[in-house]
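Asker: For the sequence shown, the tail end lands on 207 under the numbering used here, and the numbers increase by one without skipping.
Where is the CB? At the ideal position from N, CA and C, for every residue including glycine.
Here it is: the structure, laid out below.
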Amino acid sequence: MVELEPETTLLALRLHEGDEDEPARILAARDGDESARSWLVERWTPPVWRFCRRMLMNDEDAGDAAQETLVKVLRNLDRYDPDRSFSTWVFGIARNTCIDEHRRRRRRAWDEPGDIPDTSSSPLQDAARSQRAELLEHSLMALPPMYREILVLYHFEHRKYTEIAEILELPLGTVMNRIFRARKKLRTLYEENGGDQP
């Protein structure tokens, strides 16, 4: 691991979430500080879980993927490049974890055809969700994974094109093109499912 001057490293860490202490806590966590590591898990669990939930469309799988993501983040803090965005690095790990979980789920479905994962939500959640939101979620779930992940990053996680390009390891033009195509495909699916034109 390359040693960096503390003030250079602290300045290089980008702040996306508005916590002034985050760069110092990341460095402390990397150096083994248990309270900083606990803070990191507490701080990043909600956004990572939301991302995984939108990618996998299942609370249980999302919880497993989020937990696995955070374990990977903690184990690999020494590999994090402080000159890059921490959130982009975390969401890149989450994305890869979700892809792995999706593959495992497909294998399980193939191995046990009668055991289809339950993707329904609780009755309380169903009652609270509007018909339009349900149609949108159903349409999002029907998208191919490459379109779903890009829309989740852009619209739900509010990532910039450049961050998405970095997370997905794609050229910027490809990201812009995929977002355009994903929106078009989502609109088509939404209308086919009975939704009105937005």
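1) With DSSP collapsed to three states, give me the class of Pro91.
2) Report buried or exposed for Arg157, applying the criterion of at least 16 other Cβ atoms within 10 angstroms of its Cβ.
3) So Tyr170 is in the alpha helix (DSSP H); what residue range does that whole segment cover?
4) So, using beta-carbon positions, are Glu166 and Phe95 closer together than 9 Å?
5) Given a cut-off of 9 Å, decide if Tyr89 and Arg34 are closer than it, judged by their beta-carbon atoms.
6) Quick check: the Cα distance between Gly182 and Thr171, rounded to an integer number of angstroms?
7) When you compare only the Cα positions, how much space is there between Leu83 and Pro91?
8) What number of angstroms, rounded off, separates the C-alpha of Thr97 from the C-alpha of Ile176?
9) Can you find at least 3 beta carbon pairs, one from the segment 96 to 111 and one from the segment 49 to 64, that sit closer than 8 Å?
10) Can you give me the C-alpha to C-alpha distance between Glu31 and Glu201, rounded to a whole angstrom?
11) Can you tell me whether DSSP reads Asn186 as helix, strand or coil?
12) My understanding is that Gly204 touches Arg112, with C-beta atoms under 8 Å, so please give their C-beta distance in whole angstroms.
13) Starting from the C-beta of Ala75, find all residues in its chain whose C-beta is less than 6 Å away, skip the five residues before and the five after it, and write them out in chain order.
14) Between the C-alpha atoms of Ala174 and Lys193, what's the straight-line distance to the nearest angstrom?
15) Classify Arg187 as buried or exposed, calling it buried when 16 or more other Cβ atoms lie within 10 Å of its own Cβ.
16) Apart from the five residues just before and just after Leu65, which ones in its own chain have a Cβ nearer than 8 Å to its Cβ?
Answerer: The relevant details are as follows:
1) coil
2) buried
3) 170 to 177
4) No; because the gap between Cβ atoms is not below 9 Å, this pair is not in contact.
5) no
6) In a straight line, the C-alpha of Gly182 is about 10 Å away from that of Thr171.
7) 15 Å
8) 6 Å
9) yes
10) 45 Å
11) helix
12) Their Cβ separation, rounded to whole angstroms, is 30 Å, which puts Gly204 and Arg112 out of contact at 8 Å.
13) Val57, Trp58, Cys61
14) 20 Å
15) buried
16) Ala71, Ala74, Cys107, Glu110, His111, Arg114
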